[in-house]
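In what follows, a structure is listed as structure tokens, so that the remarks can point back to it.
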Amino acid sequence: MSISPYSPQTTCSILLDALIYRTRKQTIENDTDTLRRLGTSSGEIDDKLAKLMDAAAAAYRGGANPNPIVGSVEVMKHSFRDQTPVRCIYCDFKMPQPRIVTFRNIATGEEITLHEMSFHLLWLHHYFGTPQTAHRTDPAKLFRVLST
Ligand SMILES: [Zn+2]
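The numbering used here numbers the first residue of the sequence shown as 417 and each following residue consecutively.
Pasting the structure below:
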């Protein structure tokens with residue numbers, strides 16, 4: 417048996433980091449393939465989402481409709497008092513009062529809900545999130561909902 421120069425805690429932390437990195441890499445490859453099959457890319461979806469949020473924010477400032485419709489997408493913003501602060505595992509950024517936004521395609525009725533951390537992962541880390549976690553965004557579903 418070899419003797420590790422690291423403490424058990426450090427070794428465990430290194431192994432966990434390696435597992436997180438490998439999972440993230442595989443997920444990005446799978447998501448890239450999915451989006452390529454749909455004829456789009458994560459960059460294109462990021463841009464579409466950013467433009468949609470800008471338009472929705474402009475409509476909010478107008479104050480006429482709390483759930484503005486931009487193109488064929490209704491944007492519904494929710495605030496929950498019991499939302500617990502979340503911290504990004506990639507950059508340690510902390511969201512004290514994370515918000516949630518639901519997008520509904522009015523033509524198809526399909527909806528998708530994104531947590532503020534989901535936006536952070538998409539825009540800052542170009543990542544749709546780890547499968548089976550709370551902040552995962554299904555890229556194919558997001559693409560469908562945002563499609564006109
Ligand atoms: Zn981050």
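Every residue, glycine too, gets a C-beta built ideally from N, C-alpha and C. Bear in mind that the values here come from a model prediction, so they are computed numbers and not experimental data.
Contact set for His541: own chain, Cβ-Cβ below 7 Å, skip 5 residues either direction: Tyr506
Segment contact flag, the stretch 523-536 with the stretch 546-557, C-beta cutoff 8 Å, min 3 pairs: yes
Tyr422, buried or exposed, once every other Cβ within 10 Å from all chains shown has been counted against 16: exposed
Exposure of Gly459, with buried meaning 16 or more beta-carbon neighbours within 10 Å: exposed
Euclidean distance between Cα positions of Pro512 and Thr450: Those two C-alpha atoms are separated by around 33 Å.
Thr456 vs Ala523 beta-carbon contact at 9 Å: no
Rounded separation between Asn446 and His536 - CA only: 20 Å
beta-carbon Leu651 near ligand 1 non-hydrogen atom, thresh 8 Å: The shown model of the chain, from 417 to 564, leaves out residue 651, and the question about it has no answer.
Euclidean distance between Cα positions of Ile436 and Pro424: Going by the C-alpha atoms only, they are around 18 Å apart.
Member of Arg453, Leu431, Lys464 and Gly545 whose CA lies at the smallest distance from the CA of Ser488: Lys464
Leu570 and Phe519 closer than 9 Å at C-beta: Only positions 417 to 564 of the chain appear in this structure, which leaves residue 570 out of reach.
Spatially closest choice to Arg560 from Asn521, Arg438 and Val491, by CA coordinates: Asn521
For Thr439, the nearest candidate out of Leu562, Leu558 and Thr546 (CA to CA): Thr546
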